[in-house]
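For reference, the structure discussed in these notes is given below.
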Amino acid sequence: MMILITIITVSLSIIFIILLFTINIYNKLNNMRQMKANLSQEVSNLKQKLENRKAFRVNLPLEKCEFEIVKVGEEPGILNKYEQGKIKDLSMGGMKLITEIDLPVRKHVVLTLFFNLYGKEYKLNGIVKRKNEFHLESKFTYGIEFKNVDSRTKRTLYRLLNNIEIERKKAKNEYTHKNGR
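Last residue of the sequence shown: number 181 in full-length UniProt numbering, and the count goes up by one each step with no gaps.
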């Protein structure tokens, strides 16, 4: 009888140790899952910050540009017909275009944009993403997302936008220093 009690006690002790070990592993797995979720969120936040940095917008004094409607939905656009517009702002990822042309934004409109900034000519492809209409002026503002931009053009555009921002900050600092504000 004593041997049976000892065997039961040892068995229960082993089961208890296994149970504690299992609970410990379960807790560690939950902690690892939480750490993974936190790291995933942190990586996502860092990616967003990087995208924001890459796509910072520079307001321009309504620089002139031309654009060609390459495609509207599945239909080809009006090739070799150039429309006029103005660039309100520009980033690595796109631009805000002001024009009198009414584009059907819901039909996947593809444009080729031509503009000259600080002596450098640009030809970029873009997709119309957003549209705002100004009834009083009969003008439309479009959010354009650039597509298929080669790395050389990206670098040139980044340097240009960065230089514009640096020059503006210098001018602002000089003005502030000069006027004591």
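Every residue gets a Cβ at the ideal spot worked out from N, C-alpha and C, and that includes glycine.
Less than 7 Å between the beta carbons of Thr-141 and Ile-98, yes or no? yes
Touch test, the region 168–175 against the region 147–157, Cβ-Cβ under 8 Å, three pairs minimum: no
query: How would you call Lys-81, buried or exposed, if buried means at least 16 neighbouring beta carbons within 10 angstroms?
result: exposed
inquiry  = If you reduce the DSSP assignment to three classes, tell me which class Val-128 lands in.
reply    = strand
Spell out a yes or no on whether the region 24–43 and the region 63–77 are touching, meaning 3 or more CB-CB pairs, one atom from each, closer than 8 Å.
no
Notebook entry, point to check: What is the DSSP secondary structure of Tyr-142, reduced to helix, strand or coil?
Noted result: strand
How big is the Cα-Cα spacing for Glu-137 and Met-35? 54 Å
Distance, Cα to Cα, Glu-63 vs Phe-115? 8 Å
Practice prompt. May I have the straight-line CA-CA distance separating Lys-96 from Ala-37, to the nearest angstrom?
Written response: 36 Å
Which residues share a DSSP beta bridge with Tyr-122? Phe-115
Discussion item. Rounding to the nearest angstrom, what Cα-Cα distance links Arg-168 and Leu-103 in this structure?
Written reply: 33 Å
According to the neighbour-count rule (16 or more other Cβ atoms, all chains shown, within 10 Å of its Cβ), is Leu-19 buried or exposed? exposed
Write down the C-beta distance between Val-58 and Ile-164 rounded to the nearest angstrom, noting that I regard them as a contact closer than 8 Å.
5 Å
Whose C-alpha, out of Lys-123, Ile-144 and Gly-143, is nearest the C-alpha of Thr-153? Lys-123
Residue nearest to Glu-100 in terms of C-alpha spacing, selected from Phe-134, His-108 and Val-110: Phe-134
Per-residue burial, Gly-94 [other beta carbons within 10 Å of its own, 16 or more giving buried]:
buried
Assigned exposure category for Ile-23 - 16 Cβ within 10 Å defines buried: exposed
Inset, instruction - Grab me the residues of Lys-130's own chain with a C-beta within less than 6 Å of its C-beta, minus the 5 sequence neighbours each way, in chain order. - result: Here residue 130 turns out to be Arg, not Lys, going by the sequence shown. Excluding sequence neighbours, Arg-130 sits near Gly-143.
- Message: Tell me which residues share the same chain as Gly-126 and place their Cβ nearer than 7 Å to its Cβ, disregarding the 5 neighbours each side in the sequence.
- Response: Gly-94, Leu-111, Leu-113, Ile-144, Glu-145, Phe-146 and Lys-147
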